[in-house]
Amino acid sequence: MLTLFVARHYSLILANPPFAGSLDTEAVAKGLTRIVNTRRTELLFLALFLRLLKRGGRAAVVVPDGVLFGSNKAHKEVRRMLVEDQQLQGVVKLPAGVFRPYAGVSTAILIFQRTDSGGTEGVWFYDMHADGLSLDDKRNLLVPEEKIGRRRRASRGNIATRNLWVTARPTGRLHRSSTSAVLSAIRW
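Under our numbering, the first residue of the sequence shown is numbered 45, with each subsequent residue one higher.
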C-alpha cells in the first residue's frame, strides 16, 4: 500500500498522523530510515511526507512536542533537515488538551515547504492558548454562541447565516525567529 502513495508526489499535505511510539525495525520501509534512522512513528511520518511532497510542495503536520524538544539524534536530525535542507516556515504551538478526550499529548503544527536546497530565512512561531473550547474532556464552548454573533451575507441572491469567531489581536504570542536562532536551539 505504501508503494502506491510513494510513486506519486503531492503539492500539499495536511496531516494529523498517529504518533503512538515506535515500530519494529522490520516494519519500517528502508527508504524512510535512509532519510532519518529511527523507529519513532512521528519522525517516520515526517520523513514520509518529505518524500511524498513535490519540490515546492507544502505541508502542515500535527506533531507531538517531542519533535520540537526531543534530544536524541533522530529528533535533532529531523529538525536540522527541516531548517537547513527544506524550508521550515512556521510552528503553531497548540494548547495541551486540544485533542481531548481522545489524547492529552502536547502538540504543535509544523508548516514547511520541500525545497531540497534549504531556504529557511526565519520561522514564525505562534503560541495558541485556546481554540474557543474548554481544554478538558468535555470541550465546551468558552463563549456562549449568542455572544459570538451572527452575520448575514448575500450569497448569489440568497441570504446566508453563519457563525463567526472573534479574531484575536496579536499579544506577543506571535514572533519570528532568525534561522541562526532556530539552528542554535536545535544543537543543544
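The beta-carbon is built from N, C-alpha and C at its ideal position, and this holds for glycine as well.
What is the C-beta distance between residue i and residue j, in whole angstroms, given that I count them as a contact (C-beta under 8 Å)?
i	j	result
R220	D171	Between D171 and R220 the Cβ distance is about 13 Å, and since that is not below 8 Å, they are no contact.
V122	L87	5 Å
V187	T151	At roughly 23 Å, the Cβ-Cβ gap does not stay under 8 Å, so V187 and T151 are not in contact.
L96	Y54	6 Å
Tell me whether residue i is buried or exposed, calling it buried when 16 or more other Cβ atoms sit within 10 Å of its Cβ.
i	result
G141	buried
A91	buried
R84	buried
Quick one, which of the options has its alpha-carbon nearest residue i's?
i	options	result
A225	L185, R124, H173 and Q157	R124
T164	A118, D181 and S222	S222
R144	A118, D181, F63 and G75	D181
L126	N184, A73, V167 and P108	V167
I57	F89, E70, H119 and V80	F89
H173	S228, T77, S115 and K137	K137
A147	V80, L185, P108 and G176	P108
K98	P61, R52 and P62	R52
A229	S115, L185, P139 and N184	S115
Does the Cβ-Cβ distance between residue i and residue j come in under 8 Å?
i	j	result
V135	L112	yes
Q131	T159	yes
E128	G162	yes
A118	T82	yes
Could you check whether the Cβ of residue i sits closer than 8 Å to any Cβ belonging to chain B?
i	result
P139	The structure shown contains no chain B, having only a single protein chain.
When you compare the segment 95 to 103 with the segment 152 to 172, are there three or more beta-carbon pairs, one atom per stretch, that lie closer than 8 Å?
Proximity of the segment 95 to 103 to the segment 152 to 172 meets the contact definition, three or more beta-carbon pairs being nearer than 8 Å.
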